[in-house]
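Q: The listed protein sequences derive, respectively, from chains A and B. The first sequence begins at 1 in UniProt numbering and counts up by one. The second sequence begins at 1 in UniProt numbering and counts up by one. Below is the structure I would like to discuss, written out as C-alpha cells.
There are 2 protein chains.
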Amino acid sequence: MAVLEWDGVDAKAVDTARILAADAVEKVGNGHPGTAMSLAPAAYLLFQKVMRRDPRDQDWLGRDRFILSAGHSSLTQYVQLYLGGYGLELDDLKALRTWGSKTPGHPEYGHTDGVEITTGPLGQGLASSVGFAYAARYERGLFDPEAPQGESPFDHFVYVIASDGDIEEGITSEASSLAGHQQLGNLVVIYDANQISIEDDTDVAFTEDVAARYEAYHWHVQTVDWKKTGDYVEDVQELFDAIEAAKAETTKPSLIVLKTIIGWPSPTKQNTGKIHGSALGGDELAGVKKVLGFDPEKTFEVSDEVIERTRGAVERGEADRAEWQKSFDAWAEANPERKQLLDRLLTGELPEGVEDALPVFEANTVVSTRKASGKVLSALGEVVPELWGGSADLAESNNTTIEGATSFIPASRSTEMWTGDPYGRVLHFGIREHAMGAILNGIVLHGPTRAFGGTFLIFSDYMRPAVRIAALMQIPSIYVWTHDSVALGEDGPTHQPIEQLSTLRAIPNLAVVRPGDANEVSYAWLEILKRRGGPAGIALTRQDIPVFERGDGDASGDTFASAKNVAKGAYVLAESPTGTTDVIFLATGSELQIAVDARSTLAEEGIGARVVSVPSLEWFEEQDEAYRESVLPSSVTARVSIEAGLALSWRHIVGDAGRSVSIEHFGASADYKTLFKKFGMTTEAAVAAAKESLGH
Amino acid sequence: MAVLEWDGVDAKAVDTARILAADAVEKVGNGHPGTAMSLAPAAYLLFQKVMRRDPRDQDWLGRDRFILSAGHSSLTQYVQLYLGGYGLELDDLKALRTWGSKTPGHPEYGHTDGVEITTGPLGQGLASSVGFAYAARYERGLFDPEAPQGESPFDHFVYVIASDGDIEEGITSEASSLAGHQQLGNLVVIYDANQISIEDDTDVAFTEDVAARYEAYHWHVQTVDWKKTGDYVEDVQELFDAIEAAKAETTKPSLIVLKTIIGWPSPTKQNTGKIHGSALGGDELAGVKKVLGFDPEKTFEVSDEVIERTRGAVERGEADRAEWQKSFDAWAEANPERKQLLDRLLTGELPEGVEDALPVFEANTVVSTRKASGKVLSALGEVVPELWGGSADLAESNNTTIEGATSFIPASRSTEMWTGDPYGRVLHFGIREHAMGAILNGIVLHGPTRAFGGTFLIFSDYMRPAVRIAALMQIPSIYVWTHDSVALGEDGPTHQPIEQLSTLRAIPNLAVVRPGDANEVSYAWLEILKRRGGPAGIALTRQDIPVFERGDGDASGDTFASAKNVAKGAYVLAESPTGTTDVIFLATGSELQIAVDARSTLAEEGIGARVVSVPSLEWFEEQDEAYRESVLPSSVTARVSIEAGLALSWRHIVGDAGRSVSIEHFGASADYKTLFKKFGMTTEAAVAAAKESLGH
C-alpha cells in the first residue's frame with residue numbers, strides 16, 4: 001500500500017491554494033471561493049500525491065482522469081493546474097472569469113489544458129465519469145484484454161470531486177445505479193458533503209442517507225469526517241487511506257463521503273451559503289490570511305518553497321510517463337495489429353473501405369429508417385471495432401443492437417436474452433436517458449471510440465442538458481432517435497415529437513440528421529462517423545417508407561440523385577420534370593415521399609417542382625454559397641417545406657413567399673395514416689401549399 | 001383496521017379485467033397487455049376495496065387520488081374505470097388507441113373522466129404524486145389546519161402504481177428524496193417489480209436494491225412477493241394488509257414493492273419482454289382464456305355477476321360522498337371565511353382588488369426584473385393566499401421567497417435560515433429542477449392553488465419534460481426563470497441561455513413571458529395568475545435594467561404606453577417620434593432598452609422607429625387580427641427583433657425584409673457589458689440592422 005509523504009510545505013501549499021482561490025474571486029468581484037478553500041487539501045492530495053498524470057502531456061493515454069463535477073468550484077481545479085505546472089500561471093488566476101482568459105467561470109474542455117470535461121450544470125460531471133470508466137474498460141478490451149487487472153498500460157483510475165448538488169440531481173442517480181451495476185472498480189468519487197448550498201444548510205431540502213443510497217447501488221462507501229472530533233481537523237492521511245482503499249476495491253465504484261466545512265477557515269463566513277457563491281470581502285479575506293499565517297496586505301502570495309515543491313509534479317509526471325512508456329512499448333511490440341488499430345483511432349480516421357461495407361437497400365421496396373439503421377450499424381460493426389452503443393431500454397424499437405455482439409456488462413449480469421462480457425459492445429442504459437447522454441459524453445471524452453445511444457425522439461427532452469453540453473464541448477457523441485414523428489401512432493401525444501426536431505436544431509453545434517429513405521440512412525451514418533467536431537443525432541421513422549430508385553450521381557431528368565449526396569446536408573433529389581423549376585419542395589424523413597408525390601401531381605398540371613431532400617440543415621449550412629445557391633436558387637421564391645413537426649426550423653429557408661406543411665399542435669393517439677390525414681401531412685396539402693406559394 | 005371482503009366474484013372480476021385488457025390490445029393490434037394483466041388484482045383492490053372515490057363525481061374534493069405512473073399500462077386504469085362505472089363502457093375499451101376514443105394509448109388528463117394526470121413519459125407520474133401530496137397538505141393548511149390528522153374533510157390519500165422504468169428514471173430519485181424529507185404520510189406507492197422491461201429481464205441494466213434505496217430516502221418500505229413460494233400466488237390479502245400498514249404510517253411515504261409476473265397467466269409469454277408492448281396473438285390469448293375459465297371463442301366477455309358487483313362502486317361512492325359531505329358541511333359552517341376562500345378558489349377567480357396590490361416601480365431608476373419579481377411576489381403573497389412557491393436551491397438568485405412566509409417543510413427540518421412549518425408556503429426543492437417541474441404539475445392538478453418554482457433559465461432544459469407535459473395537460477404551472485441571457489455574465493457558457501427562449505416558445509400551449517422593465521413584471525405576474533389554461537414561464541434578468549417612464553394609456557407622441565398592455569402580449573411601447581413609422585423594433589426583456597435607444601438615434605437621422613415591447617409572443621397571437629395589425633402594420637416591412645438569444649422565434653414576424661439582432665452561438669465567461677459588446681447586443685447594431693432592413 002502506498003505511503004503518504006506529507007510535510008509542512010505540503011500544508012503550506014494547501015493553504016496557498018485556499019488563499020489563491022479567495023484572492024482570485026476577490027479580484028474579479030464574483031465567483032465561488034468557499035468550496036475551493038475547503039476542498040484544497042483533497043484536490044492537492046489528488047493532484048500531488050495520488051494521480052498519475054503528466055502536466056506536460058494532457059493527452060497521455062495512461063493518465064488518471066480528473067473530473068470536477070462541482071464545476072462552480074473551478075478554482076479547485078485551476079489552482080492545482082497552476083501549482084502542478086499544467087500551463088496556468090498566476091496571471092491566469094488573476095484573470096479569473098474575464099473575457100478570453102484561460103480561467104472561465106466553469107472549467108471548459110478544449111479551452112484550458114488539463115480540463116478533461118466541461119462541468120457546471122450539476123450532475124453532468126459525475127454522470128459522465130461513469131462513461132469515462134466505461135470507456136477505459138472498453139478500450140482495454142480492444143487493445144489489451146488479456147492483461148491481468150492493473151497491469152495493462154490501458155489501466156488507470158477516474159477521480160471525481162462531486163458536491164451536494166451533484167448528488168441531488170436525478171442524472172447522478174441514474175448513472176450511479178449503472179456504475180454499481182457495471183462494477184466499475186476504476187471509479188473513485190470524493191463527495192464533498194459540506195451540507196451548504198445556495199439556500200444555506202442543505203437540511204432544508206436534503207436529508208436522505210446518501211451513504212445508504214450508494215450502498216443500495218452496490219457502491220463501496222466510506223465516510224471521512226473531518227468534523228467528527230468536534231473540532232475541524234483536515235486529516236489528510238485519513239482521506240489518503242480511504243482513496244487507497246477505494247483503489248484496492250476493484251469490483252465496485254467507490255464513494256468517499258468527505259465531511260468538510262465550506263469556506264474553512266473563513267472567520268465569520270465559513271459554513272454558510274454566503275461563501276458558496278460570493279467574494280469574501282476585504283476584511284474577511286484578511287482574516288483568513290491571518291489565520292493561515294499569510295500577509296493580509298499581499299495578494300496572490302506564493303512562496304518559493306511551495307511552488308518549487310508543487311512544480312515537482314512535472315518531473316514526477318515525466319518519470320511516471322517514462323515508466324508507463326516501457327510497458328506501452330512492450331505491449332505495442334507484442335500486439336502489432338492492435339497497435340495499428342490504436343494508431344488509426346488516434347488519427348480519427350475510419351478504416352479504409354468502410355463505404356464498401358454499407359448495405360445497399362433495394363429500390364421500390366419499403367423499410368423503416370430505424371430498421372435500415374439497424375442493418376447499417378450491424379454492417380459497420382464488422383469493420384469499425386471502435387463503434388459501440390445501445391439503447392435506454394428500447395433496443396428492439398431503436399434497432400441499436402450490433403448483430404452478434406455481446407453486451408457490455410459483467411458476465412454475472414447476463415440474462416436469458418443478453419450475454420454479458422465486460423468488453424462487450426452492446427450498451428444497456430436501462431430507462432435512463434439523461435445518464436445515457438452523459439455517459440456517451442464521458443466515453444468520447446475518454447478516448448477515440450465512437451459510441452451511440454438510442455431512445456425515442458420525444459425522450460431527447462429527457463437527455464437535453466447532456467446533449468447541449470456535448471455540443472458546447474464539440475465532442476462527437478451520437479444519438480439514435482427513432483419514432484421521429486406523430487407517425488409513431490397509437491402511443492399518442494405523450495410520445496409524439498412535435499417541437500423536438502426544431503428545438504434540437506436550435507442547439508448550436510448539434511447536427512440533426514433525418515434521412516429520407518434507407519439508402520440515405522447508410523450515407524448518413526457514414527458521414528456521422530467521419531465527423532468528430534460535435535454531436536449528431538439521427539432521427540428515424542417507426543413506419544416503413546419507400547426506398548427511392550436513384551442514379552449514381554446528381555439528379556438529372558427523371559433520374560433521382562445518389563444517396564451519397566446526404567453528406568452535403570441537402571441536395572436535389574429530383575429535378576423538376578417540366579423543364580422549369582417553378583417551386584421547390586424541401587422535405588426530410590418520411591415526408592420526402594410526400595414531396596415526391598406532390599412533384600408528380602403538379603407535373604400533371606404543368607407546374608415544375610424540384611424536390612430537395614434535407615437530411616441535415618446543419619451540414620447544408622456548412623456548404624459553400626455556390627452549392628447552396630445551386631440547390632436553392634434565390635430566384636425561386638416559391639418554396640414549401642414538408643416535415644411532420646413545427647415549421648419553425650424552415651421559416652428562414654422558405655421565406656415570406658414560402659409555405660410550410662407542418663404540425664403546430666400536440667399529436668393524438670391513433671394509427672399513423674389517420675393522423676397524417678387528420679393533421680394535413682398529405683400530398684394534397686403539399687400541392688395546395690405549392691400553389692399558394694406560387695400565388696396560383 | 002379495515003377487513004378485506006373478497007370472494008369468488010371478486011376473483012372473477014380480476015380475471016375479467018385481465019381478459020378485457022388482452023382483448024382490447026388484440027383488437028387494435030398494438031398496445032401493452034402484459035402489465036395490465038398482472039396488475040389487475042392490485043388495481044381492482046385499489047379501485048374496489050381501498051380508495052374512497054365517487055365514480056360519478058371526478059372533482060369531489062375529498063376523493064383519494066390515483067396516479068398510474070406506468071402510463072403505458074393505461075388499460076390497468078381504463079378497465080377499472082369501466083368496471084367501477086366512471087363513464088367508460090365496453091365500446092370504449094374496444095376503441096382503444098383509435099382516433100377520438102376515450103381510451104388513448106396513454107391516460108390523458110382532461111380527456112377521460114377519472115384520469116387525474118397524463119402519464120406515459122416514465123417517472124412523471126410518480127414525481128407528480130409528490131406534488132399531489134404536497135398540495136393536500138398545503139390546502140389542509142389553508143382550510144382546516146387545526147383538525148387532527150385524518151379527521152379533516154381535506155384528508156385523503158394519494159395512491160400510485162409505478163413500474164421498473166419509473167424507479168429507474170432520475171426524476172423519481174429527486175422527487176422521492178423530497179417525499180421522504182417532507183414525511184408525506186398520505187402517499188402510498190405500489191411499485192410493480194415485475195423485472196421485465198422492453199429489453200426483457202431488467203437484470204441487464206437494473207440490479208440496485210430498490211427497497212434499501214427508498215429506506216435511504218426515509219420511506220416506509222414493505223415487500224409483497226407473490227413469487228415467494230416458488231409458485232405464483234396473487235395473495236390479495238397480503239397486499240391489502242400492506243396498504244393498510246402504509247396508510248397507518250402517517251409520518252413517512254410508503255413504498256410497497258410488489259413482486260409480480262408480467263403477463264400472468266399467459267401460457268408462453270408471461271415473464272417476457274414480448275408481452276410488455278405487443279398483442280398476445282390469437283393462440284396465446286385463447287390459452288389465457290382457457291387457463292382462466294373463459295370461453296376462448298368470445299371477446300370482451302363480462303358476466304352479469306361481475307359487472308353488478310363492480311358497479312357497486314357507484315353506490316359505495318355515493319355513500320362515502322354523503323358521509324364526507326356531513327363533515328364538509330360542518331367544517332363550512334364552522335369556518336365561513338375559509339369556506340369563502342375555497343369557493344373563490346374553485347371559481348378560479350383572483351381576489352378583488354389584487355391589481356391594487358401590485359408594486360409600482362419608480363420611473364428612471366434601475367432594477368433587475370428578478371428583483372422586481374421578488375417584490376411583486378411578496379406583495380401578491382399578502383392578498384393571494386393560494387400563491388406559494390420557491391426555488392431549486394436558488395431562492396436568493398431567483399427572488400422567489402414570499403417575504404415573511406415560513407417554509408413548507410416539517411418543523412423538524414428547520415435550519416438557521418429557514419423556519420419549517422408543514423403548512424408553510426416557501427418551497428425548497430433542492431437542486432432538483434426536474435422533480436420541481438413535476439411537483440408543480442402535481443400541485444395544480446390536485447387543487448386550485450397556484451404554485452411556482454424557480455431556477456436559472458438555462459436549467460429549464462433539466463425540467464423540460466415536466467414543462468411539456470404541463471403544456472400538454474394545459475394546466476397552470478408557473479416557472480420563474482431568472483438569469484435569462486448571456487448577461488448573467490461570468491458564470492459562462494454552461495449557464496448562459498442562447499436557444500432556451502426560442503425552444504421554450506416552441507412548446508405548444510406554454511406561455512413564455514419576458515418583461516421589459518419592472519412595471520411590466522407587475523402586470524406580467526397579474527396576467528399569469530389570471531390565466532389557468534396552460535403553464536407559463538417568466539424570464540427575468542440578473543442585471544439591473546431601466547424602469548421606463550410611462551403614461552396611463554397607449555403610446556402617444558413622446559409618451560410611452562402603460563405597462564398594463566403587457567396582458568396583450570405585445571404593444572407599442574413608444575411611437576415613432578418623426579410622425580412616420582419607417583421601421584419597427586420588436587424587443588423583449590433587457591433588450592427593450594436597446595430598442596428605445598436605437599429609436600432615439602434613428603430619430604436624429606430623421607428615421608422614424610416604433611418600439612414594440614413583446615413580453616409574450618403567445619399572448620400576442622391570441623389577440624384579434626385588428627389589434628395585431630395595429631401593432632405591426634403589414635405595410636411596415638422594415639422590422640428588427642432584438643433579443644439576446646437565437647433569432648429563431650422572430651423570423652416569421654420580421655419576415656424577409658426584417659433583421660434580427662441576436663446571438664447564434666454559445667456564450668462566454670466575462671462581465672455582461674463586455675459580452676453584450678462582443679456579441680453585438682448594442683444600440684449601434686440595432687441601428688445598423690434597422691438601416692439594413694430599410695435598405696438604407
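Where a beta carbon is used, it is the ideal one built from N, C-alpha and C, also for glycine.
At least one CB of chain A closer than 8 Å to the CB of B:T76: is that the case?
A: Not an interface residue.
Q: In chain order, what residues of the same chain have a beta carbon less than 8 Å from the beta carbon of B:E549, not counting five sequence neighbours either side?
A: Closer than 8 Å at the Cβ level, and outside the excluded window around B:E549, lie A363, N364, F560.
Q: Under 8 Å by Cβ, that's how I've got A:E199 and B:H428 pegged, so tell me the actual separation to the nearest angstrom.
A: Confirmed, Cβ separation roughly 6 Å.
Q: Please return the same chain residues whose Cβ sits closer than 7 Å to the Cβ of A:G120, not counting the five positions on each side in sequence.
A: Cβ within range, chain order: G71, H72, H106.
Q: What residues in the region 96-111 of chain B bring their beta carbon closer than 8 Å to a beta carbon of chain A?
A: Result list: R97, T98, W99, G100, S101, P104, G105, H106, E108.
Q: When burial is assigned at 16 or more other CB atoms within 10 Å of the CB, is A:T415 buried or exposed?
A: Buried is the call here.
Q: For my contact list, A:I545 and A:V366 are in at a C-beta cut-off of 8 Å; report their separation, rounded to the angstrom.
A: Confirmed, Cβ separation roughly 6 Å.
Q: Look up A:V14 in the DSSP assignment and give the residues it is bridged to.
A: Looking at the DSSP assignment, A:V14 forms no beta bridge with any residue, so it has no partner.
Q: In this structure, how does DSSP classify B:H276 when only helix, strand and coil are distinguished?
A: Reduced to three states, the DSSP call for B:H276 is helix.
Q: Among the candidates B:F206, B:P615, B:W99, B:A563, whose CA atom is the shortest distance from the CA of A:A670?
A: With distances taken between Cα atoms, A:A670 lies closest to B:W99.
Q: Check A:Y479 in the structure and name its three-state DSSP category.
A: A:Y479: strand per DSSP, three-state reduction.
Q: Using a Cβ cut-off of 8 Å (strictly closer), state whether B:M417 contacts chain A.
A: Yes, because at least one Cβ of chain A sits closer than 8 Å to the Cβ of B:M417.
Q: Which residues in chain B sit within 8 Å of A:R651, going by Cβ to Cβ distance?
A: What A:R651 touches in chain B: R651, H652.
Q: Look up B:I161 in the DSSP assignment and give the residues it is bridged to.
A: B:I161 pairs with B:L68, B:I190.
Q: Count the other CB atoms, across all protein chains shown, that sit within 10 Å of the CB of B:H220; report buried if there are 16 or more and exposed otherwise.
A: The residue in question, B:H220, is buried, as its Cβ has 16 or more Cβ neighbours within 10 Å.
Q: What residues in its chain sit with their C-beta under 7 Å from that of B:S177, if we drop five residues either side in the sequence?
A: Contacts found: Y217.
Q: Any beta-carbon of chain A closer than 8 Å to the one on B:G692?
A: Sequence inspection shows Glu at residue 692 of chain B; the Gly mentioned does not correspond to that position. Not closer than 8 Å to any Cβ of chain A, the Cβ of B:E692 fails to qualify, so no.
Q: Taking C-beta to C-beta, are A:G170 and B:G374 nearer than 8 Å?
A: Their beta carbons are not under 8 Å apart, which means A:G170 does not touch B:G374 by this criterion.
Q: For a minimum of 4 consecutive residues, which ranges assigned as the alpha helix (DSSP H) are wholly contained in the region 110-188 of chain B?
A: With a minimum length of 4 residues, the continuous alpha helix (DSSP H) runs that stay inside the region 110-188 of chain B are 124-143, 164-168, 170-181.
Q: Determine, for A:H665, whether the minimum Cβ-Cβ distance to residues of chain B falls below 8 Å.
A: Yes - at least one Cβ of chain B is within 8 Å of the one on A:H665.
Q: Of all the options B:G293, B:G389, B:I663, B:T268, which has the alpha carbon lying nearest to the alpha carbon of B:F679?
A: Cα-wise, what sits closest to B:F679 is B:I663.
Q: Less than 8 Å between CB atoms is the rule here; does A:T310 satisfy it with respect to chain B?
A: False, the Cβ-Cβ gap to chain B never drops below 8 Å.
Q: Please classify B:R137 as buried or exposed, where buried requires at least 16 other C-beta atoms within 10 Å of its C-beta.
A: Buried: at least 16 other Cβ atoms inside 10 Å.
Q: Please list the residues of the region 374-400 of chain B that have a C-beta atom closer than 8 Å to any C-beta atom in chain A, keeping them in chain order.
A: Listed in sequence order: S391, D393, L394, A395, E396, S397.
Q: Have a look at A:R338 and A:A332 and give me their C-alpha separation to the nearest angstrom.
A: Whole-angstrom Cα-Cα distance: 8 Å.
Q: Hey, A:S477 and A:N441 are a contact pair by Cβ (cut 8 Å); roughly how many whole angstroms apart?
A: Indeed, because the Cβ distance is near 5 Å, the residues count as touching under 8 Å.
Q: Which complete beta strand (DSSP E) runs does the region 189-276 of chain A hold, if anything under 3 residues is left out?
A: DSSP runs (the beta strand (DSSP E)) wholly in the region 189-276 of chain A: 220-225, 254-259.
Q: On the DSSP bridge list, what partners appear for A:T578?
A: DSSP output for A:T578 lists no bridge partner at all.
Q: According to DSSP, is A:T455 helix, strand or coil?
A: Here A:T455 sits in strand by DSSP.
Q: Does the region 610-630 of chain B touch the region 562-574 of chain B, meaning 3 or more C-beta pairs lie closer than 8 Å?
A: Result yes; three or more Cβ-Cβ pairs closer than 8 Å.
Q: With DSSP run on the structure shown, which of helix, strand or coil describes B:H106?
A: Three-state DSSP puts B:H106 in coil, outside helix and strand.
Q: Answer yes or no: does any C-beta atom of chain B fall closer than 8 Å to that of A:I161?
A: False, the Cβ-Cβ gap to chain B never drops below 8 Å.
Q: How about B:D461 and A:R468: are their beta carbons less than 8 Å apart?
A: Contact: yes.
Q: Here's a check: name, in chain order, each residue in its chain whose Cβ is nearer than 6 Å to the Cβ of B:T369, leaving out the five neighbours to either side.
A: Within the same chain, B:T369 has close Cβ partners P515, V521, L540, T541.
Q: Quick check on the DSSP output: what are the complete beta strand (DSSP E) runs of length 3 or more inside the region 511-541 of chain B, in order along the chain?
A: If we require 3 residues or more, the beta strand (DSSP E) runs fully inside the region 511-541 of chain B come out as 511-513, 536-540.
Q: Could you compute how far the alpha carbon of B:P351 sits from the alpha carbon of B:G85?
A: Rounded to the nearest angstrom, the two C-alpha atoms are 38 Å apart.
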